[in-house]
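In our numbering, the protein residues as written are 119 to 877.
Glycine is no exception: its CB is placed at the ideal position from the N, C-alpha and C atoms.
The structure presented is a predicted model; accordingly, all values stated were derived computationally and were not measured.
Have a look at the structure below, then the notes.
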Amino acid sequence: MFFLLSVIIGLSFFDLAGIVGKAIIVFFRFLVGKSVFILPLVCVLNGFIFLKTRYKRFLLSLFLASFLVVISVAGIIGIADTRAEKAVIETKSEAGFLGYFFGRSLFKLFGFWVGEIIFFVLLLIGSIIFSQLLKGEKPKQTEVISEKGAVSEPSFVKRIFSKPNFRRLAVESVPAKKAEKIEIKAVPLQLKTKPLESSFALASGNYKLPSIDLLEPERENPSSGDTRLYSAIIKKTLQNFDLPVEMSEINIGPTVTQYTLKPAEGIKLSRITALANDLSLALAAHPIRIEAPIPGRSLVGVEIPNKVRAKVRLRNLIEHPNYQNSPANLLLCLGRNVSGQPVYADLDHMPHLLVAGSTGTGKTIFLNSLILSLLYKNSPEILRLILIDPKRVEFVVYRELPHLLAPIICDAGAACNALKWLVGEMERRFEVLSKAKARDIGDYNEIIFEKQKALRQANTNNRENLAEEKKDEELRPLPYIVLIIDELADLMAAKGREIEAGIVRLAQMARAVGIHLVLATQRPSVEVVTGLIKANITSRTTFQVASQVDSRTVLDMAGAEKLLGLGDMLFISAEVVKPKRIQGAYVSEKELKKVVDFIRSQGPELEESLAAEETVLPENEGETLAAPASFVTLSLKKALAAPENQLGLSSKDDFLYGEAKRVVIEARKASASLLQRRLRLGYARAARLIDLLEERGVVGPGEGAKPREVYLEPENPLLESAISEANEEVEESGGVEETNEEGSAETMNSEDEERWKKV
């Protein structure tokens, strides 16, 4: 219709449109004068906008823009004629009736120049409206919902200048019996890129952190549908069940849109949560999740899946100032919440993480994003990784990564050896911290840095004293060690007791010495995620699971079965009591290979710098307390290459030795069946522990059916004081005389004394 009107007006200028064309020209000349010549152009613009736009609700905007353009041109001509006194009456004005009327009025009120400026501003506004409508943007701003749920048209100005992005929508609710005005304010995320700097510097100075350009930025925006209509449906549905509510904020995230509401006084939240299926039916959206209440606010949140989901990229999370300015070395990029804001977590404070979810829900991609978050902040001298991949294909891209302490572990037996080695490394680090009088690894590294600074500031002429100081103690910081297991269920099925005992021991004590665990499983059953593991790992992330039972196994509450998959997850920790919904960051294989290849390309230089520090491990353990990272790598590789039984017969490697020793001393008897019952072990493991206790002199040898004798007494302060007094008497007399069954006296200075010294 607009194109036809433009053709008719255009032909009318040349008397080719007949009587109708002449009538149209005469009519428009009377109204706008010479401005009639821009009418064909205005009609063509209206036609293009009407055809290009999906939503046919711009008629008011089109009419207003056309009116402003035509009237402003006519007004400019009219005010010029008025000044030149050419138009005595409106019929003789070249601006037409409307141009003469508006031009003469503004000329009398403001004068010539101000009037011309006003008309030029109106012309500019009309042109801007045309240009914005030609872009075909969807109106997304101020919304008005009446009391009965009828939706009125939002303001065209705010619709035109709105830009879709991750944003927080602030909605002001109005008391009942009045219209509820919802103001939606877009808050775009402003990112400032600057080079990342690690908290520590590599001693050799050759390592460079990966460039942010290796990752891809976000290019997609989410589409939440008609938020005004959904708000009205939610309110009307709840009112049908006698639940009056007031709609509040609308938060648009990458995966879901959260509609918040405030229930009236006296309404139980359980009545609202029970209507989840009814709301899902009314909104034609599945699944929906109701968060009642939102933590820290007196509101209820209804989360509805977006029509179009947006991928959250790791690059945008790393570029964010919260990541760049954070002093934490183990800062993890989790993703974005329901408001589109980035979410981070410090693994040092967590201090361990459990990840669960069904197959194909995004666990491996989430683990890759966590690993890249660590690699973008730490050099190999500060961070070391141990990767356990029973599937053999998930972590294959990380082969020969300089950050790895050992090759990727795929065997259950090697995984047990790695856990045993970590327990020994934990005990070694506790000795290091105890000697340095440091509370945790952070305090220890600060002490080391202060000593390094003091050495650099020392008098370089006195080289002998400086060399002695360096010889006395290795001034090296302890690196963080992060153990990542991709599939815990496979390890638990093969060696459940050993794996569980090692994980529990590390989870209880390893945080202070910089050893952290990240465990992932696709089968969150009680056989895999046991009670001891849950009790010691409070930070948990759950992706979509098959049933509510699996959700309760990990989170101790339902909700994970209603997630959408593809990175949609719930996160809880000691600081976040109620689950927080997050859309995880996506990392493609191409991005992953680029980052790993960049780090691996520096491998030869790093290996040379570390090889220069390697020496043979001394036999005395006390001399290895401040060993560099190369010693740690060498000892772990030896542990992985050793047979499992060999590691199991060492009190330092077998983490159940101390518990078995305590059990037999308290029970005053020792047998394999006793350890089986108390420690829930198999017979072979219990028998090995009995042999180890006999070797260490804790229990006596087996005498057939008779029970073994326990040489050590339970810990008792009074008993210890009595023993010390007896030892003093022994030293004074030169020996202890004992009478045997035959009545002869013998001195305890031979094999028995050696055995007691060994104990």
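query                                                                                                                   : result
Val782 beta carbon less than 8 Å from that of Val828                                                                    : yes
Rounded distance between the beta-carbons of Asn440 and Gly371, thought under 8 Å                                       : In fact, because the Cβ distance is near 17 Å, the residues do not count as touching under 8 Å.
8 Å Cβ cutoff, Glu367 in contact with chain C                                                                           : The chain inventory of the structure shown lacks chain C, comprising one protein chain alone.
Assigned secondary structure, Lys708 (DSSP; H/G/I helix, E/B strand, else coil)                                         : helix
Element boundaries [alpha helix (DSSP H), containing Ser223]                                                            : Gly214 to Phe228
Three or more C-beta pairs below 8 Å linking the stretch 323-343 and the stretch 387-397                                : no
Pairwise C-alpha distance: Val188 and Tyr218                                                                            : 13 Å
Neighbourhood of Glu212 by C-beta distance below 7 Å, restricted to the same chain and skipping five residues each side : Gly151, Lys152, Ile195 and Asp199
Cβ pair count under 8 Å reaching 3, the stretch 618-636 against the stretch 597-608                                     : yes
Buried or exposed (CB count within 10 angstroms, at least 16 for buried), Leu573                                        : exposed
Minimum C-alpha distance to Leu710 - residue among Ser349, Ala630 and Leu333                                            : Leu333
DSSP-derived helix/strand/coil call for Pro439                                                                          : helix
Assumed close pair Ala463, Leu472 - CB separation to whole angstroms, cut-off 8 Å                                       : Not quite, the Cβ-Cβ distance comes to about 13 Å (not below 8 Å), so this is no contact.
Residue range of the unbroken alpha helix (DSSP H) whose run includes Asp809                                            : Tyr801 to Glu813
Alpha-carbon spacing of Ser727 relative to Asp809, whole angstroms                                                      : Because Ser727 carries a pLDDT of 44, less than 50, the predicted location of this residue cannot be relied on, and no value is offered for it.
Bounding residues of the alpha helix (DSSP H) (the contiguous stretch that carries Cys528)                              : It is not in any alpha helix (DSSP H) - Cys528 carries neither H nor E in the DSSP assignment.
Sequence-distant residues of the same chain with beta carbon closer than 6 Å to Ala692, five excluded per side          : Thr656
Assumed close pair Val631, Arg547 - CB separation to whole angstroms, cut-off 8 Å                                       : 4 Å
Test item: CB-CB of Gln701 and Thr479 under 8 Å                                                                         : no
Minimum C-alpha distance to Tyr704 - residue among Ser487, Gly800 and Pro508                                            : Ser487
Option in Lys538, Pro362, Leu523 and Glu512 with minimal Cα separation from Leu774                                      : Lys538
From Val363, Leu830 and Ile504, residue whose alpha carbon lies closest to that of Val817                               : Leu830
Validate contact between the stretch 429-440 and the stretch 603-623 using beta carbons, cut 8 Å, 3 pairs               : no
Opposing strand residues paired with Leu635 [DSSP bridges]                                                              : Leu601
Residues near Thr648 by beta carbon distance below 7 Å, same chain, minus five either side                              : Glu618
Nearest-angstrom Cβ-Cβ length linking Lys386 and Leu417, presumed shorter than 8 Å                                      : 15 Å between Cβ atoms; not a contact.
CB-CB length for Phe717 against Leu522, believed under 8 Å                                                              : The residue you asked about is not Phe; residue 717 is Ile in the sequence shown. Not quite, the Cβ-Cβ distance comes to about 11 Å (not below 8 Å), so this is no contact.
Backbone CA spacing between Leu157 and Lys226 [nearest angstrom]                                                        : 28 Å
Thr479 - DSSP class collapsed to helix/strand/coil                                                                      : coil
For Gly151, the three-state DSSP class (helix, strand or coil)                                                          : helix
Bridge partners - Ile506, DSSP secondary structure assignment                                                           : Ile527 and Ile603
Where Ala804 falls, given that 16 or more other Cβ within 10 Å makes a residue buried                                   : buried
Straight-line Cα distance separating Met687 from Lys481                                                                 : 10 Å
Whether Ile526 touches Ala533 by CB criterion (8 Å)                                                                     : no
Pick from Gly221, Leu178, Ile167 and Leu180 that is closest to Leu149, judged by C-alpha positions                      : Gly221
Through-space distance from Pro825 to Glu813, alpha-carbon basis                                                        : 17 Å
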